[in-house]
Amino acid sequence: MILPIKTHLEAIPPVDVFYLRRTGCYGEENTLLMKRFQKWMKTHHLYSSDAVILALALDNPETTPPDSCRYDICSPLCREFLCLENIPSDMKTRQLAGGSYLVFELEHTAKAIQEAWTKFPEELNRLGYQLDPSRPIMERYFRQMVENHLCQLCVPIL
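Be aware that the sequence shown starts at 1, since it is given in our numbering, and climbs by one per residue.
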């Protein structure tokens with residue numbers, strides 16, 4: 001495994017977000033959704049120095065038919081978003097549940113992220129934590145971290 005640069009526990013509070021969702025096989029289409037979301041944020045001046053984008057794979061492709069897997073790209077609601085006109089019809093809002101997370105800081109590469117998704121169950125077990133299946137695992141991209149080629153995988157724990 002590409003070892004995480006750092007691992008820490010974090011209590012993440014509930015957060016209201018705006019998001020785009022796609023349903024279908026995980027893969028390249030998710031990357032395209034991320035690019036569309038980032039472009040929209042930049043166009044509307046929401047991609048500030050403290051911006052954060054979350055990517056949530058809401059379904060396990062081992063137990064959900066691949067064409068039914070849901071994937072959300074979101075960012076915390078802010079006053080600037082609420083003042084916008086002409087928000088795309090497929091842009092929605094909702095609240096993400098908070099709770100305890102084991103956070104893996106990773107290199108921001110496709111290989112490191114994919115490997116972390118594959119290997120995090122072993123690491124949870126090794127560290128003595130149990131996955132909370134009631135909340136989604138989140139990839140978290142703080143703009144300042146991404147500019148330093150880093151990102152995080154936030155795994156909900158009981």
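Ideal Cβ positions, reconstructed from N, Cα and C, are used throughout, including at glycine. The structure presented is a predicted model; accordingly, all values stated were derived computationally and were not measured.
beta-carbon residue i near the ligand ATP non-hydrogen atom, thresh 7 Å
| i | result |
| --- | --- |
| Asp132 | The ligand ATP is absent from the structure shown, which contains no ligand whatsoever. |
Proximal residues to residue i (C-beta, below 6 Å), its chain only, five neighbours per side dropped
| i | result |
| --- | --- |
| Cys74 | Val17, Tyr19 and Leu54 |
| Phe37 | Leu20 and Ile73 |
Alpha carbon of residue i to alpha carbon of residue j, nearest angstrom
| i | j | result |
| --- | --- | --- |
| Ile137 | Arg21 | 15 Å |
| Met34 | Asn125 | 30 Å |
| Phe120 | Asp132 | 13 Å |
| Leu106 | Leu150 | 6 Å |
| Leu89 | Gln144 | Per the sequence shown, residue 89 should be read as Ser rather than Leu. In a straight line, the C-alpha of Ser89 is about 29 Å away from that of Gln144. |
| Glu122 | Ile157 | 14 Å |
| Ile87 | Asn30 | 20 Å |
| Arg140 | Val15 | 13 Å |
| Leu82 | Phe142 | 21 Å |
| Phe104 | Gln95 | 23 Å |
| Glu10 | Leu102 | 6 Å |
| Met41 | Met91 | 12 Å |
| Cys25 | Ala97 | 25 Å |
| Lys39 | Leu32 | 11 Å |
Given residue i as reference, the closest of the options once Cα atoms are compared
| i | options | result |
| --- | --- | --- |
| Ser134 | Ser100, Met91, Gly24 and His8 | Ser100 |
| Ser48 | Leu9, Pro61, Pro76 and Asp132 | Pro76 |
| Val146 | Gln130, Val155, Tyr129 and Ile113 | Ile113 |
| Ile5 | Gln144, Leu153 and Gln38 | Leu153 |
| Gln130 | Val155, Trp117 and Ala110 | Val155 |
Close beta carbons around residue i, own chain, < 8 Å, minus the five adjacent residues each side
| i | result |
| --- | --- |
| Asp59 | Ser68, Cys69 and Arg70 |
| His45 | Glu80 |
Residue span of the beta strand (DSSP E) that contains residue i, given as start and end
| i | result |
| --- | --- |
| Gln152 | Leu150 to Pro156 |
| Pro76 | Arg70 to Pro76 |
| Leu56 | Val52 to Ala57 |
| Glu105 | Gly99 to Glu107 |
Host alpha helix (DSSP H) of residue i (start-end)
| i | result |
| --- | --- |
| Gln144 | Arg143 to Glu147 |
| Leu82 | Arg79 to Leu82 |
| Glu29 | Glu28 to Thr43 |
Cβ shell of residue i (< 7 Å), same chain only, five flanking positions each side left out
| i | result |
| --- | --- |
| Met1 | Low local confidence applies: a pLDDT of 45 at Met1 is under 50, so the model's placement there is unreliable, and no value is given. |
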